[in-house]
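Student:
Protein chains: 2
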Amino acid sequence: MTTRYKMTMAYDGHLFHGFQLQPDQRTVQGTIEDALKKMSKEKRIIVQGSGRTDAGVHAIGQVIHFDYPGKTIPANRMILALNSMMPTDIIFNNCEIVNENFHARYSIKGKWYRYRVSLDHFVNPFKRFYTGHFSYALDVGKMQEAAKDLLGKHDFTSFAASGGQIEDKVRTIYYVNIAKDEKENEIVFDFIGSGFLYNMVRIMVAALLEIGNGRRPVHDLKRVIAAKDRQEVRQTAQASGLYLYHVFYDEIPQKYRQDRHL
Amino acid sequence: MTTRYKMTMAYDGHLFHGFQLQPDQRTVQGTIEDALKKMSKEKRIIVQGSGRTDAGVHAIGQVIHFDYPGKTIPANRMILALNSMMPTDIIFNNCEIVNENFHARYSIKGKWYRYRVSLDHFVNPFKRFYTGHFSYALDVGKMQEAAKDLLGKHDFTSFAASGGQIEDKVRTIYYVNIAKDEKENEIVFDFIGSGFLYNMVRIMVAALLEIGNGRRPVHDLKRVIAAKDRQEVRQTAQASGLYLYHVFYDEIPQKYRQDRHL
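Chains as they are written, first to last, in the UniProt record's numbering: chain A, 1 to 262; chain B, 1 to 262.
(1) Are three or more beta carbon pairs between the segment 138-153 of chain B and the segment 93-103 of chain B nearer than 8 Å?
(2) Given that F126(A) touches chain B, what residues does it touch there, using C-beta distances under 8 Å?
(3) Three-state secondary structure (DSSP) at H261(B)?
(4) Rounded to whole angstroms, how far is the Cβ of V63(A) from the Cβ of L242(A), which I believe are closer than 8 Å?
(5) Could you tell me which of N213(A), Q238(A), K255(A), H154(A) sits nearest to V224(A), measuring between CA atoms?
(6) For V28(B) and H17(B), what's the separation of their Cα atoms in angstroms?
(7) Looking at residue 338(B): is its Cβ nearer than 8 Å to the Cβ of F196(B)?
(8) Between N185(A) and chain B, is any beta-carbon pair separated by less than 8 Å?
(9) Could one say the Cβ of T31(B) lies closer than 8 Å to chain A's Cβ atoms, at least one of them?
(10) Is the beta carbon of L15(B) sitting closer than 8 Å to the one on D89(B)?
(11) Is it buried or exposed, R234(B), if we count other Cβ atoms within 10 angstroms and call 16 or more buried?
(12) Measure the Cβ-Cβ separation of H246(A) and G51(A) and say whether it is below 8 Å.
(13) Of all the options P87(A), Q258(A), A160(A), P74(A), which has the alpha carbon lying nearest to the alpha carbon of V170(A)?
(14) Restricting to runs no shorter than 4 residues, where is the alpha helix (DSSP H) found entirely within the UniProt domain "Pseudouridine synthase I TruA alpha/beta" (146-250) of chain A?
(15) Roughly how many whole angstroms lie between the Cα atoms of R202(B) and R230(B)?
(16) Any chance the segment 249-258 of chain A sits against the segment 61-81 of chain B, with 3 or more Cβ pairs inside 8 Å?
(17) Of all the alpha helix (DSSP H) runs that stay within the bounds of the segment 65-112 of chain A, which reach a length of 4 or more residues?
(18) Mind checking if N101(B) is an interface residue toward chain A, Cβ cutoff 8 Å exclusive?
(19) Could you tell me which chain B residues have their CB closer than 8 Å to the CB of D89(A), listed as they occur along the chain?
(20) So with Cβ pairs under 8 Å, would you call N83(A) a contact of chain B?
(21) Could you tell me if D12(B) is buried or exposed, where buried requires 16 or more neighbouring beta carbons within 10 angstroms of its beta carbon?
(22) Under 8 Å, Cβ to Cβ, is there at least one residue of chain B near F122(A)?
(23) What separation, rounded to the nearest whole angstrom, lies between the Cα atoms of S158(B) and L208(B)?
(24) Please list, in chain order, all residues of the same chain as S194(B) whose beta carbon is under 6 Å from its beta carbon, the five residues on each side excluded.
(25) What are the residues that DSSP puts in a beta bridge with V63(A)?
(26) Within this structure, are the beta carbons of A146(B) and H219(B) separated by less than 8 Å?
(27) Here's a check: name, in chain order, each residue in its chain whose Cβ is nearer than 7 Å to the Cβ of L82(B), leaving out the five neighbours to either side.
(28) For R216(A), collect the residues of the same chain with a Cβ closer than 6 Å to its Cβ; drop the 5 residues on either side in sequence, then sort them by chain order.
(29) For H133(B), count neighbouring Cβ atoms within 10 angstroms of its own Cβ and tell me buried if that reaches 16, exposed if not.
(30) Hey, L151(A) and S135(A) are a contact pair by Cβ (cut 8 Å); roughly how many whole angstroms apart?
(31) Nearest-angstrom Cα distance between K228(A) and V176(A)?
(32) Pull up the distance between the alpha-carbon of E232(A) and that of I178(A), whole angstroms please.
(33) Which residue wins for smallest C-alpha separation from N76(B), given the options I32(B), Y5(B), P253(B), A206(B)?
(34) With distances taken from CA atoms, which of Q254(B), M200(B), A226(B) is nearest Q238(B)?
(35) Tell me, to the nearest whole angstrom, how far the beta carbon of Y113(A) is from that of F19(A); I am working on the premise that it is less than 8 Å.
(36) Drop a sphere of 10 angstroms on the beta-carbon of R116(A), count the other beta-carbons inside from all chains shown, and report buried for 16 or more, exposed for fewer.
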């Protein structure tokens, strides 16, 4: 008998070699599986994430599931037990017992990524692990206008780094918001979509920054999408600015369905 | 011939063993002196800070001075040269050529320290190096009321950790502000004073948190100050929440002279 747990977690990615288990590397999945192994005395309890995050990428709302053997541990006890075994760069914020139809990856309805870009002239020591950095002129209005071209269902081949193993490059972007955080002197990009290809958010951010800086025409992304060629965007924004912000397992709320207005 | 440079800097203290030079330890002073040695080919150029910061303590506006030998390098060149040699956890934000009457420590008119306390239920992975942490109930109004008892000229023996070498424990606190940052879910403490004893800010914060939590009467600090006994406050808030925010070399602006109303 096993019990399936769905857990929501945040992690500071800067000291991890990404989410996915790799031998002899410090990874998020490996850290959790080590704890579950100690707790359960099992050989291995597989942790399934909503998806991978790369080395240096952070999570505010990553979701995992796993099947824990033996007598059911209440959810509030499970979260305390696991948090007590986690290093300080991982925290579980929520735990639910779910039925076996729930799958952290296959049950996804959408994902929300956030990307933070610091505009400080010099790289701010307090943000070096937590933001990207762009100290050239930026027109936020141009980026907002350009972002509309990303909305809806498209083949995003031009925004997929090699290394992804997925053949089908069609995804739907539901929502894009680009805003200046005056207090932090940052630009905050939010993207909600059905899913994202390998490095897709970081490549979209790089392209939008080029538009904001005037190096690309405002509506160039239409052409880039149509080209289906990764060579159209050679830049990838740094891992340090990227956050897996939320995973949707219910329908995307209407307020985030900008694509409905297309 | 030497030229005296005054430089303002920020650093993320979490990977330093404090400001002050120590053999075989990574320190802020040591890092800067190493760079100056390489630049100048001198045996040693002494870096004088406005004061020390402990291991894990941060700076937004630390100030140093040093005397650089040979032909004068313009200030804008000096800052570029030094920043290019710094690790990413140190940044120089300002550089001025000053006359030999200026001394980073002896010319001080006052110092501003900030202390950040995260109220998150669990320790937030993104704040573990950058805030203190207090997850019990807090009454900000009580702390604000209590802080008034710190204003003015007092013997702060009760707030001085052993380890300080200074005999005279009289200091003047000009300004205290305690505010909730709703967005960050933090309490931010600001203290401006003529100077601060060893660990004084962290001990004051610990005492104020006890008052905010109701473990001490609101006006207990009057009694604590009068007692001149460190045993009156046994706690010291964590280093991770403390920032040397600004050093004043001119008279403290009137808006920060709350002590004038006493």
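We put the CB at the ideal spot given by N, CA and C, even for glycine.
Tutor: In brief:
(1) no
(2) Start at 1 with the first residue of the first sequence, and residue 126(A) comes out as number 126. Correct list: A10, D12, H58, Y130.
(3) Position 261 of the second sequence, counted from the first residue, corresponds to residue 261(B). H261(B): helix per DSSP, three-state reduction.
(4) Stepping through the first sequence from its first residue, residue 63(A) is reached at position 63. Stepping through the first sequence from its first residue, residue 242(A) is reached at position 242. Not confirmed; about 17 Å, so no contact.
(5) By one-based count along the first sequence, residue 224(A) stands at place 224. Among N213(A), Q238(A), K255(A), H154(A), the Cα nearest to that of V224(A) belongs to H154(A).
(6) Here residue 28(B) refers to the residue found at position 28 when the second sequence is read from its first residue. Here residue 17(B) refers to the residue found at position 17 when the second sequence is read from its first residue. When rounded, the distance between both Cα atoms is 8 Å.
(7) Nothing about residue 338(B) can be reported from this structure: the residues present for chain B run from 1 to 262 only.
(8) Here residue 185(A) corresponds to residue number 185 of the first sequence, with the count starting at 1. It does not: the Cβ of N185(A) has no partner Cβ on chain B nearer than 8 Å.
(9) Position 31 of the second sequence holds residue 31(B). Chain A, which has no Cβ nearer than 8 Å to the Cβ of T31(B), makes this no.
(10) Within the second sequence, numbered from 1, the residue matching residue 15(B) stands at position 15. Within the second sequence, numbered from 1, the residue matching residue 89(B) stands at position 89. Their beta carbons are under 8 Å apart, which means L15(B) touches D89(B) by this criterion.
(11) Against the second sequence, residue 234(B) aligns to sequence position 234. When all chains shown are included, R234(B) counts as exposed.
(12) One-based indexing of the first sequence puts residue 246(A) at position 246. One-based indexing of the first sequence puts residue 51(A) at position 51. It is not a contact, given that the beta carbons lie outside the stated cut-off.
(13) Residue 170(A) sits at position 170 when you count from the first residue of the first sequence. It is A160(A).
(14) 200-212, 220-227
(15) The count along the second sequence starts at 1 and reaches residue 202(B) at position 202. The count along the second sequence starts at 1 and reaches residue 230(B) at position 230. Between R202(B) and R230(B), the C-alpha separation is close to 13 Å.
(16) no
(17) 75-85
(18) Taking the first residue of the second sequence as position 1, residue 101(B) is located at position 101. Not one chain A Cβ lies under 8 Å of N101(B).
(19) What you label residue 89(A) is simply residue 89 of the first sequence in a count that begins at 1. In chain order: P125, R128.
(20) Sequence index remark: in the first sequence, residue 83(A) carries index 83 (1-based). Yes, contact with chain B.
(21) Mapped onto the second sequence, residue 12(B) falls at position 12. With 16 or more other Cβ atoms within 10 Å, it is buried.
(22) Counting from 1 along the first sequence, the entry for residue 122(A) is found at position 122. Judged by the 8 Å Cβ criterion, F122(A) is in contact with chain B.
(23) Position 158 of the second sequence holds residue 158(B). Position 208 of the second sequence holds residue 208(B). For S158(B) and L208(B), the distance between alpha carbons rounds to 14 Å.
(24) The count along the second sequence starts at 1 and reaches residue 194(B) at position 194. Around S194(B): G110, R171, T172.
(25) Position 63 of the first sequence, counting from 1, holds the residue named residue 63(A). The partner list for V63(A) (beta bridge, DSSP) reads T8(A).
(26) Taking the first residue of the second sequence as 1, we reach residue 146(B) at position 146. Taking the first residue of the second sequence as 1, we reach residue 219(B) at position 219. It is a contact, given that the beta carbons lie within the stated cut-off.
(27) Position 82 of the second sequence, counted from the start, is the residue given in the question as residue 82(B). Taken in chain order, the residues that qualify are A35, F92.
(28) Numbered from its first residue, the first sequence carries residue 216(A) at position 216. Result list for R216(A): E210, in chain order.
(29) Taking the second sequence and counting its residues from 1, the one referred to as residue 133(B) is at position 133. Classification for H133(B): buried.
(30) By one-based count along the first sequence, residue 151(A) stands at place 151. By one-based count along the first sequence, residue 135(A) stands at place 135. Not really, about 29 Å apart at Cβ, beyond 8 Å.
(31) Translated into the one-based positions of the first sequence, residue 228(A) becomes position 228. Translated into the one-based positions of the first sequence, residue 176(A) becomes position 176. Going from the Cα of K228(A) to the Cα of V176(A) covers about 21 Å.
(32) By one-based count along the first sequence, residue 232(A) stands at place 232. By one-based count along the first sequence, residue 178(A) stands at place 178. Roughly 22 Å separates the two Cα atoms.
(33) The count along the second sequence starts at 1 and reaches residue 76(B) at position 76. N76(B) has its Cα closest to that of Y5(B), out of I32(B), Y5(B), P253(B), A206(B).
(34) The residue labelled residue 238(B) in the question sits at position 238 within the second sequence. Here the closest residue by C-alpha is M200(B).
(35) Here residue 113(A) refers to the residue found at position 113 of the first sequence. Here residue 19(A) refers to the residue found at position 19 of the first sequence. Not a contact, Cβ separation roughly 14 Å.
(36) Your numbering for residue 116(A) matches position 116 in the first sequence. Classification for R116(A): buried.
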